[in-house]
Amino acid sequence: MQIIERSAFPVLCEALQRRGYELVGPTLRDGAIVYDRLASAADLPIGWTDEQQGGAYRLKQRPDGALFGYAVGPHSWKKYFLPSEQALWRAEREENGFRIIEDRRDAPKLVLIGVRSCELHAMAIQDKVLMGGACVDPWYASQRERVFIVAVNCGQAGGTCFCVSMHTGPKATSGYDLALTEVLEGDRHYFVVDVGTEAGEALLLDIPHREARDEEAKTAEEVVTQTAKTMGRTMDTTSIKELLYANVEHPRWERVAARCLACGNCTMVCPTCYCTTVEDVTDLAGEQTERRRTWDSCFTMDFSHLHGVGSVRSSTKGRYRQWMTHKLATWFDQFGTSGCVGCGRCITWCPVAIDITEEVRAIREATS
Amino acid sequence: MNGPLSPVGVQHVEPRQNPYVPHLAEIVEKRWEAPRIFTYRLRFRDEARRRAFRFFPGQFNMIYAFGVGEVPISIVSDPEDADLLDHTIRVAGDVTGALDRLDAGDVVGLRGPYGSGWPLEEARGKDVILVTGGLGCAPVVSVINYVVKRRESYGALKILHGIKTPKDLLYRERFQAWGRIPNTEVHLTSDQGDGQWRYHIGVVTNLFRRITIDTRNSLVMMCGPETMMRFSVRDLMTQGLSADRIYLSLERNMKCAVVLCGHCQYGPTFVCREGPVYRYDRIQPWFDVKEI
Amino acid sequence: MAPAPKLKLAVWKFASCDGCQLTLLNCEDELLAIADRVDIAEFREASRAVAQGPYDLSLVEGSITTVRDASRILEIRRASKTLVTIGACATAGGIQALRNFKDVNDFISLVYASPQYIDTLATSTAIAAHVRVDFELRGCPIDARQLIEVIGAYVHGHRPRTPSHSVCIECKQRGTVCVMVARGTPCLGPVTHTGCGALCPTYHRGCYGCFGPMETPNTGSLSEWWGHLGVREEDVVRAFRTFNADAEAFRREAQAHEH
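If you read the protein sequences in the order shown, they are chains A, B and C. Offset between the first sequence (1-based) and the working numbering: plus 251. Offset between the second sequence (1-based) and the working numbering: plus 21. Offset between the third sequence (1-based) and the working numbering: plus 127.
In structure tokens, the structure reads:
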């Protein structure tokens, strides 16, 4: 364990920028802490925090100058790896049909500042989906290779967090170059640093740092332990796949469908949801076309549309069941892992506060 | 805002293949099967692609119409001649509509093959029972063609086909021709009759009583509306056929065909990977549930 | 691939503000690209020239509010191979459909100095209430990109690609922060048809529902949540009674809160 003082934190960002990395991380915008480009460490939401519950998110001023004193916001890092819109290829009409053109360019070098443990797990899950099969998503893979990750162990749990239940946090265990625990103790403000890779180790050499003392390391451990104790939500995941497979038909699906708006917000904010659709975007003359991939949602009618049949999942019940069963059950069979990391975004950002932990509980209680 | 980020640095990573890019293929021939159903014989322009292409009956390709989009279509020609690839297309939506407006000499995009095939190796020496319904039975035509070409390698071939009304019968001549092949039976049924209908009346499951099924030496392959298949599976199992002898071809909305887009999920599987041809016992718990 | 035959286009106006036609006028650069593919046979906003029908594609703006218009739309339908309505008036009766919930004579005497010259129906109704409509383009006003998509679709022979899901999906694709969750601002986005580019939430306003109900609008659940946010019943009624007041889902929801 190493120590970086708060005063040296900007140096860390500058050292990465000097290495050709663009800084992206949490920043204040539109009443929330979002992920966006940062000019410097000064763009972090210093001294801010959030309060979250079902369907509600509010910014609050903190009494201190913490850099990372909040939980996850409306964005997830997937927007950098799997952008909401991506040109796949384009084509031009020719005498003899058409010509396909690929405009490929290297992904930018990004440093992701303040990645939480649940988010590292979400990336690992998307890695399996988008890079683990026979066909690899080339844009995703290219961006994954060109990031430097500065993880942050959570110093406080959000009102809708349940990473402890999902075994995905609050302490980062892998998938980072550096992992920081922010410590604010009286007048002292410092980061306890865990080095994850050689690249992380090399970077550290450019920044003022020193070996952590035992009590500093212990304090950092205490920060995470405390966070783990204050999760806003819990989910009993015992045999969860079997539970949901056994309850494909259950009156609870009807009840949640009565509240569900089928608006798709949960899928958009979910850091593992990866569904996309592809469409041709053509010029009016019909000479040029682009195959464009955009984020899609299993809550739309078009998602499961078949000619001659219509929408296979025409009821909201069918669509909510598909989403939740996918996250918590079929994902295991498809990719060998859960599709949920317990980040709580789907609860906070559901406009009517539908709570996945509550839905699981209701089905479990009715079954046992 | 989710705007593009400017590229930084010049470090090069090995360019990966873009799985969404099709190869150009020429329409060698357009053959009409029925009103609004036609078969395209396609040939890759690129010779290397042509040589490398191998497939099994039951697998499908994604066919791309310029400016409109892609659609999964099963390959119905014989796998031994992968130089020319036949695809039977029913005009149902935008892409198939756009494909219909093309003709011999025109160019489409083609990528594949994707998905699982029919168990034609396993079926050698066994009776093959085909159950089809509705308008789209192209996926089993590949089986019929395959078995007919290797007739002596298989036992009896029994083709059961159900439609709603007599005017829905496509391939009338083909069914008649298949019926004349040795050791091959063709049974047609329509839910409703009319003055001219010379075949059975009733749902396709009624036909199971008209044929003998050697439950220990038959494989059943099905394709058609899910409700029809649901009833057929139930009836066949009541007759003593085990679930692992029944294969069915399923359809789900599909965008990428390479397990990246999430669309074609069928319970814990993907139609583009585990399907479209499923052995029934592998999806049994899901098959009776609506809206999977 | 044979070149498509020239498409004969007509634009018709009924009770409306002309805003949707203006959107079409603003697309002149794009339309120029297909000048050799499209004949504009009738477009009063742009030209006085009138060509005889039949028309391949008729774009209809506005709602039916007079006896004369009710018969004129029948003629237009007969003369048109494809009829596409553009905008909230033509698709749901428009803001003028507010009369459908009141006595129109009360409005007339309030608004006009000489009400005796006004000859109007008691209701403002969508084109689809009178004739078969091949496609309805939503919006108040319509979105230029979507209009180009619709014209292109008919020129090139496919269905217009205009998704019918919620505004939320587009909002999230843009990375906009949800105004309802982060600010408690009532927003119709979750029950509203996408197409505007999620304009209002981008400017920190709740969605006004300009594009009418989305494909599966659960308005009841949204209204209930608005109740938690402190929205009064009469304001729920007002929110659903704007440009798409007479679209079925919005009409029913407003009625459910009217006491």
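Don't be surprised by glycine CBs; every beta carbon is placed ideally from N, CA and C. What you are looking at is a predicted structure, and each value in this text was computed from that prediction instead of being measured.
Cβ proximity to chain A below 8 Å picks out E272, R273, N274, K276, C277, V279, V280, L281, C282, G283, H284, Q286, G288, P289 from the stretch 255–289 of chain B. Contact between A:A358 and A:S393 is confirmed by a C-beta separation of about 4 Å, below the 8 Å threshold.
Taking 7 Å as the CB threshold, B:R300 stays off the interface with chain A.
With respect to the 7 Å criterion, C:S291 and C:H257 are not classified as neighbours on the basis of their beta carbons. Interface with chain C (7 Å Cβ-Cβ cutoff): B:V89 is included. Distance from the CA of B:R237 to the CA of B:F76, rounded to the nearest whole angstrom, comes to 29 Å.
Taking all protein chains in view, the Cβ of A:I352 is surrounded by fewer than 16 other Cβ atoms within 10 Å, so the residue is classified as exposed. For the beta strand (DSSP E) assignment, the uninterrupted runs of no fewer than 3 residues enclosed by the stretch 213–275 of chain C are, from N- to C-terminal side, 262–264. For B:D115, the closest Cβ of chain C is nearer than 7 Å.
By the criterion of at least three beta-carbon pairs nearer than 8 Å, the stretch 365–372 of chain A is in contact with the stretch 410–424 of chain A. In this structure, the straight-line span from the alpha carbon of C:L186 to that of C:C216 is close to 13 Å. Every alpha helix (DSSP H) of 4 residues or more that sits fully in the stretch 93–168 of chain B is shown, in chain order, as 115–121.
Per the coordinates, the alpha-carbon of B:K170 lies some 32 Å from the alpha-carbon of B:R122.
Bridge partners of A:H326 according to DSSP: none are assigned. Classified as exposed, A:K311 has fewer than 16 neighbouring CB atoms from the shown chains inside 10 Å of its CB. In this structure, the beta-carbon distance from B:K276 to A:V532 does not fall below 7 Å. For A:R543, the closest Cβ of chain B is not nearer than 7 Å. For a Cβ distance threshold of 7 Å, residue set G88 of chain B lies close to C:H283, ordered along the chain. When rounded, the separation of the alpha-carbon atoms in A:M382 and A:C526 is 14 Å. At a C-beta separation below 8 Å, A:D294 has no neighbours in chain B, since its nearest C-beta there lies roughly 15 Å away.
Contact with chain A is found for B:E312, since one of that chain's Cβ atoms lies less than 7 Å from the residue's Cβ. For B:M249, the enclosing alpha helix (DSSP H) has its first and last residue at 247–259. Taking 8 Å as the Cβ-Cβ cut-off, the stretch 396–412 of chain A approaches chain B at E396, R397, given in chain order. The beta-carbon of B:R37 is placed less than 7 Å from the nearest beta-carbon of chain A.
By the Cβ rule, the stretch 316–323 of chain A counts as touching the stretch 429–444 of chain A, because three or more pairs are nearer than 8 Å.
DSSP places B:R66 in the coil class of the three-state scheme, outside both helix and strand. Using a CB distance below 9 Å, the part of the stretch 317–330 of chain A facing chain C consists of G324, P325, H326, K330, ordered along the chain. B:V241 is outside the set of residues whose beta carbon lies under 7 Å from a beta carbon in chain A.
When the Cα atoms are used, A:D378 and A:L363 turn out to be separated by approximately 16 Å. The Cβ-Cβ distance between C:R205 and C:V282 does not fall below 7 Å.
With a threshold of 7 Å between beta carbons, A:F349 makes contact with chain B.
In terms of beta-carbon proximity, C:R265 stays away from the interface with chain B, with every pair separated by 7 Å or more. In this structure C:Q223 is buried. Its beta-carbon is surrounded by 16 or more other beta-carbon atoms within 10 angstroms. The residues G146, C147, T150, G214, in chain order, have a CB closer than 7 Å to that of C:P268 in the same chain once the five nearest residues on each side in sequence are set aside. Rounded to whole angstroms, the separation of the alpha carbons of C:L201 and C:Y182 is 14 Å.
Scanning chain A for C-beta atoms nearer than 8 Å to the C-beta of C:T343 yields A513, M552, T567, reported in chain order.
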